[in-house]
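Novice: Numbering (the UniProt record's numbering), first residue to last: 1 to 208.
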């Protein structure tokens, strides 16, 4: 294997190829390209690509290959896409929490200025425009249902609080979540606080 140092042009072209293979809308961090070159070389290459307008710097150490709208121009990536890039390509899991979880299920119209994800990886916070995205390290129990409807529901209900989980909101969940997915909730009922158990059971019931 040759020990020759890669030229900046070679590193640039390989990074561009890797970015294009992900497609428009991809969000990435320098660590995603360390198989191509050293951290310093990757940082310099990304800086050049930003200057050329190939990619966009969202915040320190976070970049995207923006989707283009014919009228609106470059589109913003979602909070979830940014969080996934922050979490990295290891086995770190993410669980939407707080007002973001409630909004995702349509239980709140509030669009949070701070978007919180629970994680079993390192804690991180980044500000993108007017939105703060926080990865908050939590306990293994809180991550057991990560990536499933039950995990999202637990966090959304916790954000609302027991006294604010009305029948109207439960009916909304019945209308908007497919019955097949709702039936799966019973498998994770043990992970929910006791006050949520009746809600899980009602949502999982077969429709008359």
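Glycine included, each C-beta is placed from N, C-alpha and C at the ideal position.
All values reported here derive from a predicted model rather than from experimental measurement.
1) Check whether the region 155 to 167 and the region 129 to 139 are in contact - that is, three or more C-beta pairs closer than 8 Å.
2) Can you tell me which of the three DSSP states residue 1 falls into?
3) For residue 15 versus residue 45, is the C-beta distance shorter than 7 Å?
4) Report yes or no: do three or more beta-carbon pairs, one from the region 126 to 135 and one from the region 160 to 180, lie closer than 8 Å?
5) Tell me which residues share the same chain as residue 54 and place their Cβ nearer than 7 Å to its Cβ, disregarding the 5 neighbours each side in the sequence.
6) Quick one: what's residue 28 bridged to in DSSP?
7) Within a Cβ cutoff of 7 Å, which residues of the same chain sit near residue 1, ignoring the five residues on either side of it in sequence?
8) By Cβ distance, which residues of its chain are closer than 8 Å to residue 124, with the 5 residues on each side in sequence left out?
9) At the level of alpha carbons, what is the spacing between residue 6 and residue 84?
10) Whether or not the region 61 to 81 and the region 17 to 34 are in contact is what I'm after, with contact meaning three or more pairs of Cβ atoms, one per stretch, closer than 8 Å; do they touch?
11) Quick check on residue 180: does DSSP put it in helix, strand or coil?
12) Starting from the C-beta of residue 69, find all residues in its chain whose C-beta is less than 6 Å away, skip the five residues before and the five after it, and write them out in chain order.
13) May I ask which residues mark the beginning and end of the alpha helix (DSSP H) holding residue 55?
14) Is the CB-CB distance between residue 145 and residue 93 below 7 Å?
15) Name, in chain order, the residues that DSSP records as bridge partners for residue 115.
16) DSSP three-state call for residue 95: helix, strand or coil?
17) Among 115, 22, 38, 196, which one has its Cα closest to the Cα of residue 67?
18) Rounded to whole angstroms, what's the CA-CA distance from residue 205 to residue 184? Just pull it up for me.
19) Look up residue 68 in the DSSP assignment and give the residues it is bridged to.
20) Comparing alpha-carbon positions, which option in 26, 37, 115 lies nearest residue 56?
21) Are there 16 or more other CB atoms within 10 angstroms of the CB of residue 110, so buried, or fewer, so exposed?
Specialist: Let me lay it out:
1) no
2) Since pLDDT at residue 1 reaches only 43, below the 50 mark, its modelled position is unreliable, and no value is offered.
3) yes
4) no
5) 16
6) 63
7) Any reading at residue 1 must be qualified, since the residue scores a pLDDT of 43, below 50, and its modelled position is unreliable; no value is offered.
8) 86, 134, 135
9) 29 Å
10) Judged by Cβ distances under 8 Å, the region 17 to 34 makes contact with the region 61 to 81, as three or more pairs qualify.
11) helix
12) 75
13) Looking at the DSSP string, residue 55 is not in any alpha helix (DSSP H), and its letter there is neither H nor E.
14) no
15) Partner(s): 133.
16) strand
17) Taking the Cα of residue 67 as reference, the smallest distance to any Cα among 115, 22, 38, 196 is reached at 22.
18) Rounded to the nearest angstrom, the two C-alpha atoms are 10 Å apart.
19) 74
20) 26
21) exposed
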